[in-house]
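With numbering that gives the first Met the number 0, the residue at position 98 of the sequence shown is 97, and numbering never jumps. We put the beta carbon where it would ideally sit given N, CA and C, even for glycine. Quick caveat: nothing in here was measured; it's all calculated off a predicted structure.
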Amino acid sequence: MGKYFGTDGIRAVAGTFPLTSDFIEKLGWCALDELKTYAQAEGLKNQVIIAQDSRASGPSILQALQKGIRAAGVNVISVGVAPTPAVANIVRQTGSLCGVVISASHNPAEFNGIKFFTNHGTKLPEALEAKIEARIDACTALPAPKAQYQEDESLIDLYENFLKSTVDASLLKGTKVVLDCANGASYKIAAKVFHDLGMDLVVTGAKPDGTNINRGVGALHTQFMQDLTAKEKAYAGFSFDGDADRVIASDENGRQLDGDNIIASSALCLKQEGRLNGNKAVLTIMANLGCINYLKQNGICVELTKVGDKYVSEALEKENLSIGGETSGHIIFREFSNTGDGILSALQFLQCAKKSGKPLSWFGDQWKKYPSLLRAVAVSSKPALDTLEGFLPAVAELEKQMQGRGRIIVRYSGTEPKLRILVEGEDEALVSRIAQEVEQLYKSKTEVHL
């Protein structure tokens, strides 16, 4: 992680540093000045596509951001409230210089964030983020805006048509589906796309008011969607997060199917159809061991990356692979997109299941999750773990207690002030005890106050 950029752009409580007007203007100018140099493809239009989610703070951030971008001499086209992956897609379809999304994804409404996409629809490489950060720190004054700003929500049609083109509508027609739009960026688009494909819809979480994004709904709060899926006797349910770049599913019985379930099932489907390049799937270190072992048992190699869909994207790009993603529901179907896309992933998984003729619950029964416990410890700072005397060796000793049938992963969140502790193993009681001991150990080495 950089000085300002985390694993997924810049994020903070809106109105607090770095999400202040002065900083945002500098960010817009410095980022676009660097991106003009970075994006050297011929024929690119001198324009940036920008969107926001449904947070009340979005318009004020947009005002400062577009001012800075226009100071860099780049035209700004706002497509309004739209999913993050819509911007990545529209940038590619229109040949634009880059894309920007104002969103804090799955975070509560008081947060917001800014993330950039290259002209290829990919997240920025860390080296480019570092250059932008250096430019910001050296920036003292901005030139006056010298490019144009306009709004054009009709560009969203490009994304909607793209989504519909990736599936066979005849397979999906009449399928009953529950959609939870998290009161976020997908509240119009998701329902329209599924409806246009002829599905029977039950939609919830589609009444944003600027303050209710992700509140009790969405990919981090799926229980209501799961219960509704079972109650409505739907074939499947899907919960998107605030900016719709991730998705969590439910089977017809109301059982949650997370990103690992979706990736594993889809990877086998792609393999059967001869579309799994390299016979490999990309997961992060947070993927459940049950999923990893299931893929390997079915002859699919697994590559593990750091947490963050941009690292998954880089691994897919490097070896020209077909699918990868995170347990949290960031999933990349690289045949169609270079970034995580919740609506696209829901459609691809749904099509895979419908082709099989089996209920969604069948896919959830194919492998068993290892007992897993994820703890989040609030922190006021993030000292490197290897600088905490004796901490990592002690964690390694705790991991040995699982005798090779479990693991411990300790890392700082890239988007929140938290330490995340993941413990997995066959023995649930042992997993719980070790997770508690790791948390206590960390607290004993730092000055952490919950």
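The beta carbons of residue 331 and residue 308 sit closer together than 8 Å. For residue 350, the three-state secondary structure derived from DSSP is helix. The beta carbon of residue 27 lies closer than 6 Å to those of 64, 67 and 68 in the same chain, with the five residues before and after it left out. Put simply, the segment 233 to 247 does not touch the segment 379 to 389. Fewer than three CB pairs are less than 8 Å apart. Only exposed fits residue 126, as fewer than 16 other CB atoms lie within 10 angstroms of its CB. In the three-state reduction of the DSSP assignment, residue 387 falls in the coil class, being assigned neither a helical nor a strand state. Here the alpha carbons of residue 94 and residue 144 stand approximately 23 Å from one another. Excluding the 5 residues flanking it on each side, residue 4 has same chain C-beta neighbours closer than 6 Å at 128, in chain order. Apart from sequence neighbours up to five positions away, the residues of its chain that approach residue 203 with a beta-carbon distance below 6 Å are 179, ordered along the chain. Restricted to the segment 307 to 358, the alpha helix (DSSP H) segments that are unbroken, complete and at least 4 residues in length are 308 to 318 and 341 to 355, listed in chain order. For residue 441, the secondary structure class from DSSP, reduced to helix, strand or coil, is helix. When secondary structure is reduced to three states using DSSP, residue 292 falls in the helix class.
For residue 113, the uninterrupted beta strand (DSSP E) run begins and ends at 110 to 116, by DSSP.
Beta-carbon to beta-carbon, residue 294 and residue 314 are separated by about 15 Å, too far to satisfy the 8 Å threshold.
By alpha-carbon distance to residue 176, the top candidate from 389, 359 and 43 is 359. With respect to residue 188, residue 48 sits apart: the two C-beta atoms are not nearer than 8 Å. 8 Å or more divides the Cβ of residue 110 from the Cβ of residue 97. Counting along the chain, residue 201 sits inside no alpha helix (DSSP H); it lies in the beta strand (DSSP E) bounded by residues 199 to 203.
In the displayed model, residue 284 falls within coil according to three-state DSSP, outside both helix and strand.
Between the C-alpha atoms of residue 156 and residue 397 there is a straight-line separation of about 53 Å. Within the model, the alpha-carbon separation for residue 320 versus residue 269 is close to 11 Å. Between residue 240 and residue 286, the C-beta gap is not smaller than 8 Å, which leaves the two residues out of contact.
Per DSSP, the beta-bridge partners of residue 300 are 279. Residue 429 places its beta carbon less than 8 Å from that of residue 400. In the DSSP annotation of this structure, the continuous segment of the alpha helix (DSSP H) that includes residue 160 starts and ends at 155 to 164.
About 6 Å separates the beta carbon of residue 245 from that of residue 339, a gap short enough to meet the 8 Å contact definition. Across the set 53, 228 and 304, the C-alpha of 53 shows the shortest separation from the C-alpha of residue 242. In this chain, the alpha helix (DSSP H) harbouring residue 125 covers 125 to 137. By alpha-carbon distance to residue 88, the top candidate from 220, 305, 159 and 369 is 159.
Annotated three-state conformation of residue 179 is strand, per DSSP. If one requires a minimum length of 3 residues, the beta strand (DSSP E) runs lying completely within the segment 42 to 119 are 44 to 51, 74 to 80, 95 to 101 and 110 to 116, in chain order.
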